[in-house]
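Chains as they are written, first to last, in the numbering used here: chain Z, 116 to 347; chain H, 116 to 347.
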């Protein structure tokens, strides 16, 4: 194949995201433990997030709303509003934090940007993602940004169609097997998986449902340039 | 000009949106009046929304978070969590309601869809807007959907570039002077304004800042087909 376009996931591929959710969730667990010490807060919050996914979609605002709902439900509405106010400020803090790039991201993207067209393909909240990209300083390296509500065959096909990309010239790079690898390989394109240390349970794919070929795994984005060259 | 592509705003142009915000806000006002009868709740909520716009962006989730924040702030955190739970359910209700089309929308779009390429260009929350379009039943009439976080010269230029649209062949139809008319006319395209009965104050544009030509106002979308024909 002759690689022409390289797609990159954003959250936990180019910049840290899940660690921020995890850190906030640790504070949340602590806050609720003062009211209800014996409840598995993480499990109940995860339930609420899954239940709310079809109503709220992904992102920090959705996460904040699910934290508030779970806090009220689990305490039978006995939690004081001042604690809920704290949860609201956590959400804002997450939305305003500077974008923290993963190791080797900037130098790797700069190294390959002249050779391939780079496309950012991220899932989540439009406003939040655009804001993160702007704060990342990487915007100029990308020929375009595609923000989709779900990453599946349909959304990737749509992007290929709109941008005149043939799957045989496309490589997707991301940390999620479910969102970045499986649908892309299914369309005949190539994918490179870079695992992130913390991965949301929702993103797991059983080993036997993974494609046998059409993708590979690397440990860090610094390995990407030679992988792309090896694809010729 | 030979019109080839017609862009449509969604909220309050094709389907009702602001009335739902207004209805929820009326319930909110009533709920807060029980705790703080002498406060101008609408003004304080509007302040919070404006202040939060650069953090949250537009949409129902942002509105819900601003309602919660304002309720806690105005009551000095004395509002019971059960009332905040009610506000959370209002947000969910807004996100799940069926999409209610404005009068004449369906027949007008069906009438012109064969003649022009129709593009939905809406501002707001990606997930919410896609979900509304899906529930509207109008999806198949559009050749594409563009959801942007702000409607300004840059975002319209980006759409023109990506889709190979020349401004001279483009007409934008919408209810907001600020978002649908001014930036479009500024780029040399034509715009048709269809006022909605309730318009968010943030969308107002002083008369002397309106373009002198390049747009016109109609009372209802049913007048659109003949306006488009008259543009030749």
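For every residue, glycine included, the Cβ atom is placed at its ideal position computed from N, Cα and C.
CA-CA distance, residue 165 of chain H and residue 123 of chain H?
Here the question's residue 165 of chain H lines up with position 50 in the second chain. Here the question's residue 123 of chain H lines up with position 8 in the second chain. Looking at the two C-alpha atoms, the distance is approximately 25 Å.
Relative to the C-alpha of residue 258 of chain H, which candidate in Z:273, Z:133, Z:161 has its C-alpha closest?
Start at 1 with the first residue of the second chain, and residue 258 of chain H comes out as number 143. Comparing Cα-Cα distances from residue 258 of chain H to each of Z:273, Z:133, Z:161, the minimum goes to Z:273.
Once DSSP output is grouped into helix, strand and coil, what is the label at residue 215 of chain Z?
The residue labelled residue 215 of chain Z in the question sits at position 100 within the first chain. Residue state, collapsed to three classes: coil.
Report the three-state DSSP secondary structure of residue 238 of chain Z (helix, strand or coil).
Start at 1 with the first residue of the first chain, and residue 238 of chain Z comes out as number 123. Three-state result, residue 238 of chain Z: strand.
Would residue 162 of chain Z be called buried (16 or more neighbouring beta carbons within 10 Å of its own) or exposed?
Looking up residue 162 of chain Z in the first chain gives position 47. Exposed, by the Cβ-count rule.
Quick one: which chain Z residues come within Cβ less than 7 Å of residue 192 of chain H?
For the purposes of this step, residue 192 of chain H is taken as the residue at position 77 of the second chain. In chain order: 195, 196, 197, 200.
So, with DSSP's three-state summary, where would you put residue 271 of chain H?
As a first step, residue 271 of chain H must be located in the second chain, where it is residue number 156. Residue 271 of chain H: helix per DSSP, three-state reduction.
Could you check how far apart the C-beta atoms of residue 305 of chain Z and residue 329 of chain Z are, in whole angstroms? I think they sit under 8 Å.
Within the first chain, the letter at position 190 stands for residue 305 of chain Z. Within the first chain, the letter at position 214 stands for residue 329 of chain Z. Right, their Cβ atoms sit about 6 Å apart.
My guess is that residue 337 of chain Z and residue 223 of chain Z are in contact by the Cβ rule of under 8 Å, so how many angstroms apart are they, rounded?
As a working note, residue 337 of chain Z is residue 222 in the first chain. As a working note, residue 223 of chain Z is residue 108 in the first chain. Yes, residue 337 of chain Z and residue 223 of chain Z are in contact; Cβ-Cβ is about 6 Å, under 8 Å.
Between which two residues does the beta strand (DSSP E) harbouring residue 262 of chain H extend?
Position 147 of the second chain holds residue 262 of chain H. Element bounds for residue 262 of chain H: 259-263.
If you drop the 5 nearest sequence neighbours on each side, which residues of the same chain put their C-beta closer than 6 Å to that of residue 121 of chain Z?
As a working mapping, residue 121 of chain Z is identified with position 6 in the first chain. If we look at residue 121 of chain Z and ignore the five residues flanking it on each side, its Cβ neighbours are 231, 233, 286.
Ignore the nearest five residues each way along the sequence and tell me which others in residue 213 of chain Z's own chain have a CB closer than 7 Å to its CB.
As a working note, residue 213 of chain Z is residue 98 in the first chain. The answer, listed in chain order, is 250.
For residue 294 of chain H, would you say it is in contact with chain Z, using Cβ-to-Cβ distances shorter than 8 Å as the test?
Here residue 294 of chain H is taken as the residue at index 179 of the second chain, counted from 1. It does not; no Cβ of chain Z falls within 8 Å.
Using only the alpha-carbon positions, how far apart do residue 192 of chain H and residue 160 of chain H sit?
One-based indexing of the second chain puts residue 192 of chain H at position 77. One-based indexing of the second chain puts residue 160 of chain H at position 45. Their Cα atoms are separated by approximately 16 Å.
In chain H, which residues lie less than 7 Å from residue 312 of chain Z when you measure between Cβ atoms?
The residue labelled residue 312 of chain Z in the question sits at position 197 within the first chain. Within 7 Å Cβ-Cβ: nothing; residue 312 of chain Z doesn't reach chain H, min ~27 Å.
Say whether the segment 277-297 of chain Z touches the segment 123-132 of chain Z, bearing in mind that this needs 3 or more beta-carbon pairs closer than 8 Å, one atom from each stretch.
Yes, the segment 277-297 of chain Z is in contact with the segment 123-132 of chain Z.
I want to verify the contact list: residues of chain Z whose CB lies under 9 Å from the CB of residue 162 of chain H, in sequence order.
Walking along the second chain from the start, residue 162 of chain H turns up at place 47. Result: empty, since nearest Cβ-Cβ is about 16 Å, beyond 9 Å.
My output table needs one value for residue 320 of chain H: the three-state DSSP class, helix, strand or coil.
Position 205 of the second chain holds residue 320 of chain H. The answer is coil: DSSP assigns residue 320 of chain H none of H, G, I, E or B.
Between which two residues does the beta strand (DSSP E) harbouring residue 289 of chain H extend?
Sequence index remark: in the second chain, residue 289 of chain H carries index 174 (1-based). That run of the beta strand (DSSP E) goes 285-289.
Under 8 Å, with one C-beta from each stretch per pair, do the segment 148-158 of chain H and the segment 171-180 of chain H reach the 3-pair mark?
The segment 148-158 of chain H is not in contact with the segment 171-180 of chain H.
Measuring only the C-alpha atoms, how far is residue 296 of chain H from residue 253 of chain H?
For this step, residue 296 of chain H is matched to residue 181 along the second chain. For this step, residue 253 of chain H is matched to residue 138 along the second chain. Roughly 23 Å separates the two Cα atoms.
Could you compute how far the alpha carbon of residue 261 of chain Z sits from the alpha carbon of residue 235 of chain Z?
On the first chain, position 146 is the one that residue 261 of chain Z refers to. On the first chain, position 120 is the one that residue 235 of chain Z refers to. Distance between the alpha carbons of residue 261 of chain Z and residue 235 of chain Z is about 6 Å.
Can you check DSSP and say which residues form a bridge with residue 120 of chain H?
As a first step, residue 120 of chain H is located in the second chain; it is residue number 5 there, counting from the start. Answer by DSSP bridge pairing, in chain order: H:232, H:285.
When you compare the CB positions of residue 217 of chain H and residue 308 of chain H, do they come within less than 8 Å of one another, or not?
As a first step, residue 217 of chain H must be located in the second chain, where it is residue number 102. As a first step, residue 308 of chain H must be located in the second chain, where it is residue number 193. Not a contact, by the Cβ cut-off of 8 Å.
Taking only the alpha-carbon atoms, compute the straight-line gap between residue 312 of chain H and residue 331 of chain Z and give it to the nearest angstrom.
Taking the first residue of the second chain as 1, we reach residue 312 of chain H at position 197. Taking the first residue of the first chain as 1, we reach residue 331 of chain Z at position 216. About 56 Å.
Assuming residue 266 of chain Z contacts residue 298 of chain Z under a Cβ cut-off of 8 Å, what Cβ separation, rounded to an integer in Å, is found between them?
Position 151 of the first chain, counted from the start, is the residue given in the question as residue 266 of chain Z. Position 183 of the first chain, counted from the start, is the residue given in the question as residue 298 of chain Z. That belief holds up - the Cβ atoms of residue 266 of chain Z and residue 298 of chain Z are roughly 6 Å apart, short of 8 Å.
So is residue 232 of chain H in contact with chain Z if we call contact Cβ pairs under 8 Å?
Along the second chain, read from residue 1 onward, the residue named residue 232 of chain H stands at position 117. For residue 232 of chain H, the answer is no, since every Cβ of chain Z falls outside 8 Å of its Cβ.
Less than 8 Å between the beta carbons of residue 340 of chain Z and residue 226 of chain Z, yes or no?
Numbered from 1 along the first chain, position 225 holds the residue referred to as residue 340 of chain Z. Numbered from 1 along the first chain, position 111 holds the residue referred to as residue 226 of chain Z. Going by C-beta atoms, residue 340 of chain Z is nearer than 8 Å to residue 226 of chain Z.
Starting from the C-beta of residue 144 of chain H, find all residues in its chain whose C-beta is less than 8 Å away, skip the five residues before and the five after it, and write them out in chain order.
Residue numbering aside, residue 144 of chain H sits at position 29 when the second chain is read from its first letter. Within the same chain, residue 144 of chain H has close Cβ partners 156, 157.
Do you know how far the Cα of residue 302 of chain H is from the Cα of residue 268 of chain H?
Along the second chain, one-based indexing puts residue 268 of chain H at 153. Along the second chain, one-based indexing puts residue 302 of chain H at 187. Taking the straight line joining both Cα atoms gives about 7 Å.
Assuming residue 264 of chain Z and residue 136 of chain H are in contact, meaning their beta carbons sit under 8 Å apart, how far apart are those beta carbons, in whole angstroms?
Against the first chain, residue 264 of chain Z aligns to sequence position 149. Against the second chain, residue 136 of chain H aligns to sequence position 21. So it is not a contact: roughly 22 Å between Cβ atoms.
Taking the alpha carbon of residue 198 of chain H as the point to measure from, which residue in H:142, H:320, H:118, H:343 has its own alpha carbon closest?
Residue 198 of chain H sits at position 83 when you count from the first residue of the second chain. It is H:142 whose Cα lies nearest to the Cα of residue 198 of chain H.
Please report the Cβ distance between residue 117 of chain Z and residue 344 of chain Z, rounded to the nearest whole angstrom; I am assuming they are in contact, meaning their Cβ atoms lie under 8 Å.
Locating residue 117 of chain Z in the first chain gives position 2, counting from the first residue. Locating residue 344 of chain Z in the first chain gives position 229, counting from the first residue. That belief does not hold up - the Cβ atoms of residue 117 of chain Z and residue 344 of chain Z are roughly 11 Å apart, past 8 Å.
Does the beta-carbon of residue 203 of chain Z have 16 or more other beta-carbons within 10 angstroms, so that it is buried, or is it exposed?
The count along the first chain starts at 1 and reaches residue 203 of chain Z at position 88. Buried, since its Cβ has 16 or more Cβ neighbours within 10 Å.
List, in chain order, every chain H residue whose beta-carbon is nearer than 7 Å to that of residue 262 of chain Z.
Counted from its first residue, the first chain places residue 262 of chain Z at position 147. Here the neighbours are 241.
Could you give the distance in angstroms between the alpha-carbon of residue 60 of chain H and the alpha-carbon of residue 270 of chain H?
The structure shown does not extend to residue 60 of chain H, since chain H is modelled only from 116 through 347, so no value can be given for it.
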